[in-house]
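In this note's numbering, the protein residues as written are 2 to 514.
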């Protein structure tokens, strides 16, 4: 396979896709203009500014709505094959429901973006839901707390298939339903900010115990299956695309050699990844979840199980970090949340020693081999699916100088180590990985962290008209994605051979004529 230093795109299988990722709310801006309706993040930030670390908002974000053309040129210059972005539900359906009207200006924006990508040889990978439920349907029936959302979600995704499906060949129904459910309906750290434990916000009323978090995931899974069924029955044959889902998972190592911590490691994977992959492959939640959550875990009907099983052409995997898995014996039953249900603790340190170097964010420990372990586990546990790594990256904090910010040697080394481990999964374990998307193309609005966390390949100067600067990792990516001289020589030989073959066929045809 060669050393890490020798890695290039030619180290990967033919057709392997390299790209970068984004989401509408984190990139676009124009949150209350251009015909867009409010979504739960607009409301969450307005009502709870204290839950955003720097008290910022995404009204402008990185102004991708108005600057997408110049950013697409940056992608092209880097040699990127693809770009993953999401469609803002409330930008195309301001009131969340098809019957309440379409915002054609929003439709036109996404048409323009897709056309610009395709024109420049960049494949669009489109996420349909990236955590931004329209506020109108949140107000009307509670959004993903209600099964009513299934029909409205179906209408929304069908509109997208109809308007964009002639050019979009890779659809992702949902992004990280785990984070949306747990952070939105258990810890309250993200929109819509509902809290089932008091740990983070003491003094606020407890809403539901750990109940809503499971209801929301249940409806997310059914929404996913509904979208896939629609696409496969009505659009896939004529449009020729593929459809999947993006899931996030940490990797876990046992906190100790005890049997209870070893079992906690498997339980951690079940509660984070299996919560989704088991229904998608087996039609039901993991037995660990039935055992630990009991009657609060919703049940699928036989028809729903059948619809869920195999409802993907590929699985998107987002990997960022690894934690220790520690069994928790004693639980405060007056304060039950998701982690209490699972009887788990996920520390990043053991005996004062971190599992890996800490990145800019306190939650992110650098542990590149975790992606290899996770990919291998998914292959072995879940019928060897086709996988795209739809997000992976490492962040910096705000630096004291531009020069310091652009010198992101940690990010460059991080991607080298990640690619090395992905290749080992492909070559040594036979994992069917088809592509890799770096998070993120630009620094952006990082949800509860606001603009204090920088994952981008490009630095955004928030004090100077959002000017973009290429970090040093961009230069490395350009070199990595560019073909080396030996490959260029081989391409020239192949091209010359094809030309000679074509000339010979022409001469032969002339003789026949």
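C-beta atoms are modelled at their ideal positions from N, C-alpha and C, and glycine is treated no differently. Just so we're clear, the structure is a prediction, and the values are computed from it rather than from any experiment.
Of the listed residues the options, nearest to residue i (C-alpha basis)
{"i": "residue 377", "options": "269, 292, 404, 422", "result": "422"}
{"i": "residue 236", "options": "254, 220, 158", "result": "158"}
{"i": "residue 383", "options": "482, 277, 412", "result": "277"}
{"i": "residue 45", "options": "37, 59, 437, 67", "result": "59"}
{"i": "residue 515", "options": "187, 441, 238", "result": "What the structure shows of the chain is the stretch from 2 to 514, and residue 515 is not part of that stretch, so it cannot be assessed."}
{"i": "residue 445", "options": "228, 189, 456", "result": "456"}
{"i": "residue 1", "options": "137, 381, 436, 465", "result": "The structure shown does not extend to residue 1, since the chain is modelled only from 2 to 514, so the question has no answer here."}
{"i": "residue 19", "options": "379, 54, 110, 82", "result": "82"}
{"i": "residue 176", "options": "140, 213, 132, 380", "result": "132"}
{"i": "residue 480", "options": "417, 118, 465, 467", "result": "417"}
{"i": "residue 296", "options": "398, 327, 98, 211", "result": "211"}
{"i": "residue 470", "options": "326, 184, 405", "result": "405"}
{"i": "residue 259", "options": "293, 329, 290", "result": "329"}
{"i": "residue 419", "options": "165, 407, 392, 401", "result": "392"}
Boundaries (first-last residue) of the beta strand (DSSP E) holding residue i
{"i": "residue 254", "result": "252-255"}
{"i": "residue 462", "result": "459-462"}
{"i": "residue 18", "result": "18-22"}
{"i": "residue 171", "result": "171-176"}
{"i": "residue 87", "result": "83-87"}
{"i": "residue 110", "result": "Per DSSP, residue 110 belongs to no beta strand (DSSP E); it is in the alpha helix (DSSP H), 105-120."}
{"i": "residue 248", "result": "243-249"}
Residue i: first and last residue of the uninterrupted alpha helix (DSSP H) it sits in
{"i": "residue 130", "result": "Looking at the DSSP string, residue 130 is not in any alpha helix (DSSP H); the run it does join, the beta strand (DSSP E), is 124-130."}
{"i": "residue 218", "result": "213-231"}
{"i": "residue 237", "result": "237-240"}
{"i": "residue 155", "result": "150-165"}
{"i": "residue 551", "result": "Outside the modelled stretch of the chain, which goes from 2 to 514, sits residue 551, for which no answer is possible."}
{"i": "residue 1", "result": "Lying outside 2 to 514, the shown extent of the chain, residue 1 is not represented and no answer is given."}
{"i": "residue 1", "result": "Since the displayed the chain opens at 2 and closes at 514, residue 1 lies outside it and no answer follows."}
{"i": "residue 67", "result": "65-79"}
{"i": "residue 134", "result": "Element bounds for residue 134: n/a, residue is neither H nor E."}
{"i": "residue 359", "result": "From DSSP, residue 359 is part of no alpha helix (DSSP H); its letter is neither H nor E."}
Contact set for residue i: own chain, Cβ-Cβ below 8 Å, skip 5 residues either direction
{"i": "residue 511", "result": "The pLDDT assigned to residue 511 is 34, lower than 50, so where the model puts this residue is not dependable; a value taken from the coordinates is nonetheless given after this. Result list for residue 511: empty, nothing under 8 Å."}
{"i": "residue 306", "result": "280, 284, 285"}
{"i": "residue 16", "result": "435"}
{"i": "residue 56", "result": "50, 451"}
{"i": "residue 385", "result": "431, 432, 433"}
Inter-residue Cα distance where the pair is residue i and residue j
{"i": "residue 163", "j": "residue 254", "result": "45 Å"}
{"i": "residue 358", "j": "residue 65", "result": "32 Å"}
{"i": "residue 486", "j": "residue 85", "result": "The predicted position of residue 486 is uncertain, since its pLDDT is 40 and thus under 50; no value can be drawn from it."}
{"i": "residue 196", "j": "residue 182", "result": "11 Å"}
{"i": "residue 411", "j": "residue 10", "result": "20 Å"}
{"i": "residue 22", "j": "residue 154", "result": "23 Å"}
{"i": "residue 178", "j": "residue 12", "result": "32 Å"}
{"i": "residue 224", "j": "residue 271", "result": "21 Å"}
{"i": "residue 261", "j": "residue 269", "result": "12 Å"}
{"i": "residue 150", "j": "residue 92", "result": "17 Å"}
{"i": "residue 96", "j": "residue 87", "result": "18 Å"}
{"i": "residue 145", "j": "residue 8", "result": "43 Å"}
{"i": "residue 370", "j": "residue 104", "result": "45 Å"}
{"i": "residue 194", "j": "residue 90", "result": "19 Å"}
{"i": "residue 333", "j": "residue 472", "result": "47 Å"}
{"i": "residue 458", "j": "residue 244", "result": "27 Å"}
{"i": "residue 449", "j": "residue 51", "result": "9 Å"}
{"i": "residue 238", "j": "residue 313", "result": "15 Å"}
{"i": "residue 346", "j": "residue 354", "result": "16 Å"}
{"i": "residue 106", "j": "residue 409", "result": "38 Å"}
{"i": "residue 282", "j": "residue 317", "result": "15 Å"}
{"i": "residue 414", "j": "residue 366", "result": "14 Å"}
{"i": "residue 67", "j": "residue 214", "result": "36 Å"}
{"i": "residue 505", "j": "residue 126", "result": "Residue placement at residue 505 cannot be trusted, given a pLDDT of 44 that sits under 50; the coordinates are not used to answer."}
{"i": "residue 263", "j": "residue 24", "result": "36 Å"}
{"i": "residue 75", "j": "residue 121", "result": "11 Å"}
{"i": "residue 139", "j": "residue 234", "result": "29 Å"}
{"i": "residue 33", "j": "residue 352", "result": "48 Å"}
{"i": "residue 135", "j": "residue 218", "result": "17 Å"}
Close-in-space but distant-in-sequence residues of the same chain around residue i (CB under 6 Å, 5 per side omitted)
{"i": "residue 447", "result": "454"}
{"i": "residue 227", "result": "151, 155"}
{"i": "residue 394", "result": "439, 440, 456"}
{"i": "residue 396", "result": "360, 361, 362, 454, 455, 456"}
{"i": "residue 61", "result": "30"}
{"i": "residue 142", "result": "149"}
Rounded distance between the beta-carbons of residue j and residue i, thought under 8 Å
{"i": "residue 320", "j": "residue 426", "result": "Actually they are not in contact, since the Cβ atoms of residue 320 and residue 426 sit about 11 Å apart, beyond 8 Å."}
{"i": "residue 299", "j": "residue 390", "result": "So it is not a contact: roughly 30 Å between Cβ atoms."}
{"i": "residue 222", "j": "residue 248", "result": "That pair is no contact at about 11 Å."}
{"i": "residue 171", "j": "residue 240", "result": "At roughly 11 Å, the Cβ-Cβ gap does not stay under 8 Å, so residue 171 and residue 240 are not in contact."}
{"i": "residue 315", "j": "residue 388", "result": "7 Å"}
{"i": "residue 130", "j": "residue 174", "result": "7 Å"}
{"i": "residue 1", "j": "residue 368", "result": "Residue 1 falls outside the range modelled here, since the chain spans only 2 to 514, and no answer is possible."}
Chain-order list of residues whose beta-carbon lies under 7 Å from that of residue i (same chain, five-residue window excluded)
{"i": "residue 36", "result": "95, 104, 106, 107"}
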